[in-house]
Amino acid sequence: MTEFADVENFNTPIADLLEGDGFSMLTETAQQLLEGDLYALAWKNNTARTDALTVRDLTSIEEAFSQHSLHGTSTSPVVGAACCCTCTPACCCTAVSVIRSA
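Going by this note's numbering, the first residue of the sequence shown is number 285, and it counts up by one from there.
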């Protein structure tokens, strides 16, 4: 079984995962995240960077990824992923979406 620390691409900056002007939608704190931080959030873990996140940071991540070409809902004609970097349902983006729609 592969260990979390053994996966090399977890150091990909969040900017490389976004499309268009998505990066500019992120708060300064969210702009510092790496793919591994997003995976940690998805699996209910934390990193030093995720410990510093506020609700506004999480909301900015959801907003930035909502512009991604794979973003969708269960009623969309084509559904890709509605989250940052893992299979849905996952991560802070999904959590913020649920809060927003409540």
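For every residue, glycine included, the Cβ atom is placed at its ideal position computed from N, Cα and C.
For Val380, which residues from the same chain have a beta carbon less than 7 Å from its beta carbon, with the 5 sequence-adjacent residues on both sides left out? A caution first: Val380 carries a pLDDT of 47, below 50, which makes its placement in the model too unreliable to give a value.
Cutting at 7 Å between CB atoms, please list the residues of its own chain near Gln316, excluding the five before and the five after it. Cβ neighbours of Gln316 beyond the five flanking positions: Arg333.
First and last residue of the alpha helix (DSSP H) that includes Ala332? Element bounds for Ala332: Ala332 to Asp335.
For Gly304, is the classification buried or exposed, using 16 other Cβ atoms within 10 angstroms of its Cβ as the cut-off for buried? Around the beta carbon of Gly304, fewer than 16 other beta carbons lie within 10 angstroms, which makes this residue exposed.
May I have the straight-line CA-CA distance separating Ile298 from Asn330, to the nearest angstrom? The straight-line gap from Cα to Cα measures roughly 16 Å.
What distance in whole Å lies between the Cβ atoms of Arg340 and Thr311, which are believed to be in contact at a cut-off of 8 Å? With a contact defined as Cβ atoms closer than 8 Å, Thr311 and Arg340 qualify at about 6 Å.
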